[in-house]
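Residue numbers (the working numbering): 105 to 433.
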Ligand code: F6P
């Protein structure tokens, strides 16, 4: 049993497959500690609006395999204001919430830091398909999004191969190239463009298509991270430079949906468990992160300053896989 009697849980920012698994784990771990759990709907905005629902064992039944978030989500402008945050604090006090588990990405954790500074204990769980949170080497939803993108690109490849075409596929990732690079490696892309590497169009696109053609390929797959710019523009530049007419596909929000993979369900469940355990044991204002496979708790302020860099050895591996030794420097 814990000294805490009631906590809130919310999902905020872009949804990610596995968020429901995290909510379920929070609720069921709270029950194990004898803590009551209130679901705050629609993220930080819901806290301001006192938009809540009582959660029990049954409320989260059958949610483990569902994508999206049963608590809904939002990006709140009001929470960015002092007035909005003051209202959120008064709602926490009114509802008797002694802690909040906030599930989301960077924006969610900035909100968590502000709330913790106003005296409300918060523990964060990283969930975003972008995998762009510095303090953790994994964020819930990334694996599912990668697998969804791979499935779509495998389908595209069938038709590109039949017509001997070039495909330009834009994947999400905000300002990071994790999704694009992992997916690019997994589909054997001809080229991958990521924001972490300044693009040299001739070297990174034209010469890679040319090398692929010389190696015997008759169809080409170019994966573009949205942080680089529009796949439509890349398609136009390909046409202007080498006269082939690519087909452009923007995968968009398809990547955010779907049933979470084993990795996302399992990671979300562990993170949910450790988030409530931390609150119950009085360790608060932290982010639950994975580092070298294990779960750690990192103070929110420190976590927000941590950086994670795209592993450029993976970029090199992607390049090598296409043409063996014939990699341009
Ligand atoms: O952060 C997740 C993400 O899907 C990004 O990859 C993308 O840039 C953004 O959210 C899209 O946001 P929205 O759902 O508001 O269009």
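We treat Cβ as the ideally placed atom computed from N, Cα and C, and that holds for glycine.
Item	Value
Is residue 232 a contact residue of the ligand F6P, with contact defined as CB to any heavy atom under 7 Å?	yes
Return helix, strand or coil for residue 113, following the three-state DSSP convention.	strand
Give me whichever residues DSSP pairs with residue 297 in a beta bridge.	328
Pick out the complete beta strand (DSSP E) segments inside the region 199-264, 3 residues or longer, and give them in chain order.	204-208, 226-230
Can you determine whether any heavy atom of the ligand F6P sits closer than 7 Å to the C-beta of residue 172, and answer yes or no?	no
Given that a residue counts as buried once 16 or more other Cβ atoms are within 10 Å of its Cβ, and exposed if not, what is residue 410?	exposed
State the DSSP-derived secondary structure class of residue 390, mapped to helix, strand or coil.	strand
Would you report the Cα separation of residue 330 and residue 279, rounded to the nearest angstrom?	7 Å
Might you give, ordered along the chain, the residues of its own chain that have their beta carbon closer than 7 Å to the beta carbon of residue 168, omitting 5 neighbours on each side?	124, 125, 128, 369
Using 8 Å for Cβ pairs, my map puts residue 227 next to residue 393. What's the rounded Cβ distance?	Not really, about 11 Å apart at Cβ, beyond 8 Å.
Pull the bridge partners of residue 156 from the DSSP assignment, please.	144
For the alpha helix (DSSP H) that contains residue 400, what are its first and last residues?	Where residue 400 is concerned, there is no enclosing alpha helix (DSSP H), although the beta strand (DSSP E) it sits in stretches over 398-403.
According to DSSP, is residue 107 helix, strand or coil?	coil
Taking the straight line between their C-alpha atoms, what separation do you get for residue 322 and residue 342?	15 Å
What is the residue span of the beta strand (DSSP E) that residue 353 lies within?	351-354
What do you reckon, is the C-beta of residue 360 under 7 Å from a heavy atom of the ligand F6P?	yes
What's the call for residue 386, buried or exposed, on a 16-neighbour Cβ count within 10 Å?	exposed
Under the rule that 16 or more other beta-carbon atoms within 10 Å means buried, what is residue 415, buried or exposed?	exposed
Leaving out five residues before and five after residue 250 in sequence, what residues of the same chain have Cβ atoms less than 6 Å from its Cβ?	286, 287
What does a CB cutoff of less than 7 Å around residue 374 pick up in its chain, not counting 5 residues either side in sequence?	399
Can you grab the Cα-Cα spacing for the pair residue 199 / residue 305, in whole Å?	56 Å
Can you tell me whether DSSP reads residue 423 as helix, strand or coil?	helix
According to DSSP, simplified to helix, strand and coil, what is residue 124?	helix
By Cβ distance, which residues of its chain are closer than 6 Å to residue 324, with the 5 residues on each side in sequence left out?	270, 294, 313, 316
Using the Cα positions of residue 217 and residue 289, report the straight-line distance between them to the nearest angstrom.	36 Å
Hey, could you find the ends of the beta strand (DSSP E) residue 274 is sitting in?	270-275
Starting from residue 345, trace the alpha helix (DSSP H) both ways and give me its first and last residue.	335-346
Could you name the residues of the same chain whose beta carbon sits closer than 8 Å to that of residue 161, not counting the 5 residues immediately before and after it, in chain order?	131, 132, 135
Could you give the C-beta distance for residue 174 and residue 112, rounded to a whole number, given that I count them as a contact under 8 Å?	At roughly 15 Å, the Cβ-Cβ gap does not stay under 8 Å, so residue 174 and residue 112 are not in contact.
If we ignore side chains and look at the alpha-carbon of each, how far apart do residue 303 and residue 338 end up?	11 Å
Any chance the region 227-236 sits against the region 416-429, with 3 or more Cβ pairs inside 8 Å?	no
Quick check: residue 149 and residue 106, are their CB atoms within less than 8 Å of each other?	no
Please report the distance separating the alpha-carbon of residue 412 from that of residue 120.	20 Å
Mind checking who residue 149 pairs with in its DSSP beta bridge?	Residue 149 pairs with nothing; no bridge assigned.
What number of angstroms, rounded off, separates the C-alpha of residue 237 from the C-alpha of residue 282?	11 Å
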